[in-house]
Structures are given as C-alpha cells and as structure tokens.
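Q: Numbering (this note's numbering), first residue to last: -3 to 367.
Heads up, the beta-carbon is just placed ideally off N, CA and C, and yes, glycines get one too.
The structure displayed is predicted, hence computed values, not measured ones.
Dropping the structure in here first, questions after.
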C-alpha cells in the first residue's frame, strides 16, 4: 500500500519554545497516510460496521486513525504508526489470499507483530492466518497462532510429533485436521484415534454395556472433532470399514499399525510403560501425533506421567519433534487463557510435592525441538 509521511505541527518552533518554557519537550507526533489499492475492498479491510477498525484503534490507543475513502490517515508515535502500517499490510495480504478477516484474526496479528517488535519470532501474520489445512462443510481449518503453525509444520515434517500444552490450544483439533487431510489425499489408508480411559483405570470390562457403551464417554471429544471435519452421515460407514477407528489405549497392545495416521490424546494420563507400548505400534507408512497437558495429570499418586518421561527418553532421537503451546495459543473463550495463566501462577507458588502423576517433576520445555 502506498504511504506518505507528513509533519503535523503547523509551527514546530513555537511548540518547542512553549514546551521548553514549561520545562518539558514533547516529540512532534508523526503523520502517515496510507492509500489502500482500489482492488482491496474497504468493507472487507475495516469490517462490517467498522468492527475491524475498532479492533485496530483499541490495539493502538496512541494512534489516531481517520479514514476517508481509500485513504487511512494515522497520527501518533512513529513506532506505533509503523506497527499499524505493517498490520494493514498483513490484513491486505490475508484478503488477497482469498481468506476473510475476523476481529480475532486481527487481534492475533497485532500480538504477532508486537512480539516481533520485541525480538520474538519472524513469521508473517498473513502466512500464519492463511495456512489452510482442511476445508469442510463450508469452513476452513487453519492455525491461528505462530506456535500452532509450527506444530502443523512439524506434523508435515516428522514421523512422531508431540503437541504439549494447556486446554484450548488446538493440539488435538489440528492433529485431527491433519489426519483427515492425510486420509483424503490418500497419504494414509486409515485414521486411528485413541486415548487412555484413565477414569476407569483402563478396566473397561467391569463397566456395564457393550464395548461401544463402555468407551464412548472417554472418546467423545475425539468424536466431536471428527464430526466437525467429516460428513456425519459417512462416519458410521468409515468406522464400519475400519477406515476410522476410535478405541481406548488398552486396545492398541500387540498391534502394528501400517499406513495409518495415529493420534494419542490425553497422553499425560499414560504411564511410561503405556507410552512405550503405544509408540512401538508404529508401522511402515504411518505417522503418530501425541497430545497432552502435563498440568492435568489424573494418574494415581506416585505414578509419573509417561508424557513427562518420554521427553527425556527421546531427546536426540531423529524424526521426533516436541512442540510446546502456551496460554497465548488458547483459541477458546478469552477467559480460558486467563484461567490457564492463573492456575500456572498458583501451581508455581505451591511448594514442590510428590504424587499426583509426578507433579514435582520437570515440565515441558518451552519452544519446539525436532530431531
């Protein structure tokens, strides 16, 4: 987008003289004019009823924004104006890709740009927000944060991938989208979804009902994600044919899974032995994604989480990637991120204690490690 920089002070000398007399010197605010190309819809850029413009103004309170036609005039601190200009460039790039903008997307783009200004990360927001994974039933699934983008890229690049982070960060949902994508593109022949039924101590035989009755309550979150991505009417047929299999972790023992995309959810509730058993099910042409939150371990006291142990054991093993997501990657209600942070502060303030799934042991390292 074209831009022009101007000086907003009609008499800079008089202004400085008055400020000097008062004992203070204020920098003259900068003025910047951005001309939006005619092929970019101002309605799409600013949002219905200017909802995206309001997000921009709220995110940059030190910048006055005035819109006239296809010109956007900015007045304020130079550093903030530079960020606003970058934001508008990224928003324009998102629209040029054919993707739509939302208030949440703009807020996340602002966060990425501010992080870059602080020296953290170098991913363009437009590249993150336009990385399409799967289109289903009129909606497109894509990462919403930089860490989510790195997680998705790790799934493409590695055979075994661990996604570790708090609730609501999209660990399982994005893994499921990649699994459906792999199945649709015929990279794999089937999807296997599993999680430990820890509430029943994996002793499902003692529960009433058929096998489906026994395992459905524990696997319901996986079914919910699946229904978002696959035509619900086709799911029973795919499951009957074995193309999609949903089963508790205990039913994986003794199997070799070839040409499959395998997801282990709630992996923090596996023991070290169960984690080893699962990982060694890997067959030729298969990919595994293991997801979990080491702050929500439900194992009996004294049992260390296999998700914690595996990071130490597989450190340095080739083609294994560990990816850590944080509260900044939460894509549920804003309060979920605040709740995660509050609990993290509370847990850090508590004295180290044993038990409860080995809660006193080292947690996940921050960032992404691939071998």
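Counting only the same chain and skipping the five closest in sequence on each side, list residues whose C-beta sits under 6 Å from that of residue 143.
A: 321, 325, listed in sequence order.
Q: For a minimum of 3 consecutive residues, which ranges assigned as the beta strand (DSSP E) are wholly contained in the stretch 118 to 157?
A: If we require 3 residues or more, the beta strand (DSSP E) runs fully inside the stretch 118 to 157 come out as 130 to 132, 135 to 137.
Q: Along the chain, where does the alpha helix (DSSP H) containing residue 232 start, and where does it finish?
A: Per DSSP, residue 232 belongs to the alpha helix (DSSP H) from 231 to 236.
Q: For a quick check, are the C-beta atoms of residue 157 and residue 38 less than 9 Å apart?
A: Not closer than 9 Å, so no.
Q: Leaving out five residues on either side along the sequence, give the residues of the same chain with a beta carbon under 6 Å from the beta carbon of residue 234.
A: Excluding positions up to five away in sequence, the list reads 240.
Q: Suppose you measure from the CA of residue 52 to the CA of residue 103; what does that come to, to the nearest Å?
A: Taking the straight line from one Cα to the other gives about 8 Å.
Q: May I ask you to verify whether the stretch 59 to 68 touches the stretch 107 to 123, counting CB pairs closer than 8 Å and requiring at least 3?
A: No: the two stretches stay apart, fewer than three of their Cβ pairs being nearer than 8 Å.
Q: Write down the C-beta distance between residue 270 and residue 289 rounded to the nearest angstrom, noting that I regard them as a contact closer than 8 Å.
A: Actually they do not touch by this definition, with Cβ atoms about 17 Å apart.
Q: For residue 262, which of helix, strand or coil comes out of DSSP?
A: Coil at residue 262, not helix or strand.
Q: If contacts are defined as beta-carbon pairs under 8 Å, then residue 315 and residue 146 qualify, I think. What distance do you get, rounded to the angstrom?
A: About 16 Å; that fails the 8 Å criterion.
Q: Give the single residue among 28, 227, 86, 277 whose Cα lies nearest to the Cα of residue 120.
A: Nearest of 28, 227, 86, 277 to residue 120, Cα basis: 86.
Q: Runs of 3 residues minimum, wholly inside the stretch 37 to 112: which ones carry the beta strand (DSSP E) assignment?
A: Qualifying beta strand (DSSP E) stretches, in chain order: 59 to 64, 67 to 72.
Q: For a test of the three-state rule: what should DSSP assign to residue 163, helix, strand or coil?
A: In the structure shown, residue 163 sits in coil (DSSP, three-state: anything other than H, G, I, E or B).
Q: Which same chain residues, not among the five before or five after residue 187, have their C-beta less than 6 Å away from its C-beta?
A: If we look at residue 187 and ignore the five residues flanking it on each side, its Cβ neighbours are 175, 179, 240, 257.
Q: Figure out for me which residue from 343, 336, 342, 341 has the closest Cα to the Cα of residue 161.
A: Considering only alpha carbons, the answer is 336.
Q: Over what stretch of residues does the beta strand (DSSP E) that includes residue 268 continue unbroken?
A: Careful: residue 268 lies outside any beta strand (DSSP E), inside the alpha helix (DSSP H) at 268 to 275.
Q: When you compare the CB positions of residue 287 and residue 159, do they come within less than 9 Å of one another, or not?
A: Yes.
Q: Alpha carbon to alpha carbon, how far is residue 273 from residue 245?
A: Roughly 9 Å between the two C-alpha positions.
Q: Excluding the 5 residues preceding and the 5 following residue 305 in the sequence, name in chain order all residues of the same chain whose CB lies nearer than 6 Å to its CB.
A: 268, listed in sequence order.
Q: Who are the Cβ neighbours of residue 339 in its own chain at under 8 Å, not counting the five residues just before and after it?
A: These residues qualify, in order along the chain: 291.
Q: Taking the DSSP output, what are the residues bridged to residue 283?
A: DSSP, once it has assigned bridges, lists 257 as partnering residue 283.
Q: Going by the beta-carbon positions, is the gap between residue 97 and residue 48 smaller than 9 Å?
A: Contact: yes.
Q: Is it right to say residue 261 is buried, meaning 16 or more other beta carbons lie within 10 angstroms of its own, or is it exposed?
A: By the 10 Å Cβ count, residue 261 comes out buried.
Q: For residue 190, which residues does DSSP report across the bridge?
A: According to DSSP, which records beta bridges pairwise, residue 190 is partnered with 243, 260.
Q: Taking the continuous alpha helix (DSSP H) assigned at residue 305, which residues delimit it?
A: It spans 302 to 309 - the alpha helix (DSSP H) in which residue 305 sits, taken as one unbroken run.
Q: Between 57, 137, 129, which lies nearest to residue 106 when the distance is taken from Cα to Cα?
A: For the residues 57, 137, 129, the minimum Cα distance to residue 106 belongs to 57.
Q: My output table needs one value for residue 317: the three-state DSSP class, helix, strand or coil.
A: Three-state DSSP puts residue 317 in a strand.
Q: Who are the near neighbours of residue 137 in its chain, counting only those whose CB is closer than 6 Å to its CB and skipping five residues on each side?
A: Cβ neighbours of residue 137 beyond the five flanking positions: 129, 130, 173.
Q: Are there 16 or more other CB atoms within 10 angstroms of the CB of residue 319, so buried, or fewer, so exposed?
A: When all chains shown are included, residue 319 counts as buried.
Q: What is the rounded straight-line gap between the Cα of residue 298 and the Cα of residue 108?
A: Roughly 40 Å separates the two Cα atoms.
Q: Short of 7 Å in beta carbon distance, which residues of its chain neighbour residue 164, apart from the five on each side in sequence? Order them along the chain.
A: Result list for residue 164: 326, 327, 328, 332, in chain order.
Q: Between residue 88 and the rest of its own chain, which residues show a CB-CB distance below 8 Å, the 5 nearest in sequence each way excluded?
A: The residues are -3, 32, 33, 36, 41.
Q: Within this structure, are the beta carbons of residue 224 and residue 133 separated by less than 9 Å?
A: It is a contact, given that the beta carbons lie within the stated cut-off.
Q: Check each candidate in 323, 302, 250 and name the one with the smallest Cα separation from residue 278.
A: Nearest C-alpha to residue 278: 250.
Q: Quick test of your reading: residue 122 and residue 148, contact by CB under 8 Å. State the CB separation rounded to the nearest angstrom.
A: In fact, because the Cβ distance is near 16 Å, the residues do not count as touching under 8 Å.
Q: For residue 300 and residue 344, I'd like the C-alpha separation in whole angstroms.
A: About 19 Å.
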